[in-house]
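Going by this note's numbering, the letters in the sequence shown line up with residues 201 to 332, in that order. C-beta atoms are modelled at their ideal positions from N, C-alpha and C, and glycine is treated no differently. The structure presented is a predicted model; accordingly, all values stated were derived computationally and were not measured.
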Amino acid sequence: MGKKDGEGAKRAISASQLQEIPEDLISRAAEMIAEEFVDGPAHVEIFRGERDWRKKAMANLFERNIRMHLGTGAIKCYLIPGEGDMEGRMDIGCFFVVERKDTFPTALAKYWAMLRVGLWVVPFQIGRRRGT
Numbered sequence: 201m202g203k204k205d206g207e208g209a210k211r212a213i214s215a216s217q218l219q220e221i222p223e224d225l226i227s228r229a230a231e232m233i234a235e236e237f238v239d240g241p242a243h244v245e246i247f248r249g250e251r252d253w254r255k256k257a258m259a260n261l262f263e264r265n266i267r268m269h270l271g272t273g274a275i276k277c278y279l280i281p282g283e284g285d286m287e288g289r290m291d292i293g294c295f296f297v298v299e300r301k302d303t304f305p306t307a308l309a310k311y312w313a314m315l316r317v318g319l320w321v322v323p324f325q326i327g328r329r330r331g332t
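1. Looking only at its chain, what residues have a beta carbon closer than 6 angstroms to the beta carbon of T303, apart from the 5 residues adjacent to it on each side?
2. In angstroms, rounded to a whole number, what distance separates the CA positions of I280 and A215?
3. Could you tell me the distance, in whole angstroms, from the CA atom of A254 to the CA atom of M268?
4. Please list, in chain order, all residues of the same chain as F247 whose beta carbon is under 7 angstroms from its beta carbon, the five residues on each side excluded.
5. Using a threshold of 8 angstroms, is the CB atom of G293 nearer than that to any non-hydrogen atom of the ligand GTP?
6. Taking the C-alpha atoms as reference points, what is the distance between G288 and R264?
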C-alpha cells in the first residue's frame with residue numbers, strides 16, 4: 201500500500217487532485233483507518249476483545265461514519281495506482297475527513313445522519329460482551 205520510510209519521490213498534492221472517495225473504496229478506507237487505530241490505548245479500552253474482533257468492529261464503525269459524511273464535501277482522498285491485490289485499479293494514497301461547521305448545521309441534522317447510516321446499532325454490537 202505505498203512506499204514507506206522515505207522510499208520514492210515526495211510530491212505535493214494540490215487541492216484540485218483531491219476528490220470524494222469512490223463508493224467502491226469506502227470499505228477499504230474504513231479498514232485502513234481501523235488498522236491504524238486498532239492498538240491505540242483508547243480504542244483497546246472501547247473495543248474490548250481480541251485484536252481481530254476489535255479491528256472488524258472498528259472498521260464497521262468507521263465505514264458508517266464515512267457513509268454519514270458522504271456527499272457533504274467533508275471526505276477527501278487522493279488516489280494512486282494500486283499495488284499487490286489492488287494492481288490495475290486505483291487505490292487510496294491518503295484519506296481524511298474534515299467536518300466543517302456547516303456539514304451538519306444543527307444537532308438534529310447530525311443525529312438524523314447518524315440514524316440514517318446505522319451508527320445507533322454500534323453500541324449494541326460492541327456492548328459489554330467482549331472482555332468485560
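Taking the coordinates as given:
1. Residue mapping note: residue 303 aligns to position 103 of the sequence shown, counting from 1. Answer for T303: T272, A274, listed in chain order.
2. Start at 1 with the first residue of the sequence shown, and residue 280 comes out as number 80. Start at 1 with the first residue of the sequence shown, and residue 215 comes out as number 15. Their Cα atoms are separated by approximately 15 angstroms.
3. As a working note, residue 254 is residue 54 in the sequence shown. As a working note, residue 268 is residue 68 in the sequence shown. Contrary to the premise, residue 254 reads as Arg rather than Ala in this sequence. Between R254 and M268, the C-alpha separation is close to 21 angstroms.
4. Looking up residue 247 in the sequence shown gives position 47. Excluding sequence neighbours, F247 sits near R254, A257, M258, I326.
5. The ligand GTP is absent from the structure shown, which contains no ligand whatsoever.
6. Taking the first residue of the sequence shown as position 1, residue 288 is located at position 88. Taking the first residue of the sequence shown as position 1, residue 264 is located at position 64. So the two alpha carbons sit approximately 27 angstroms from each other.
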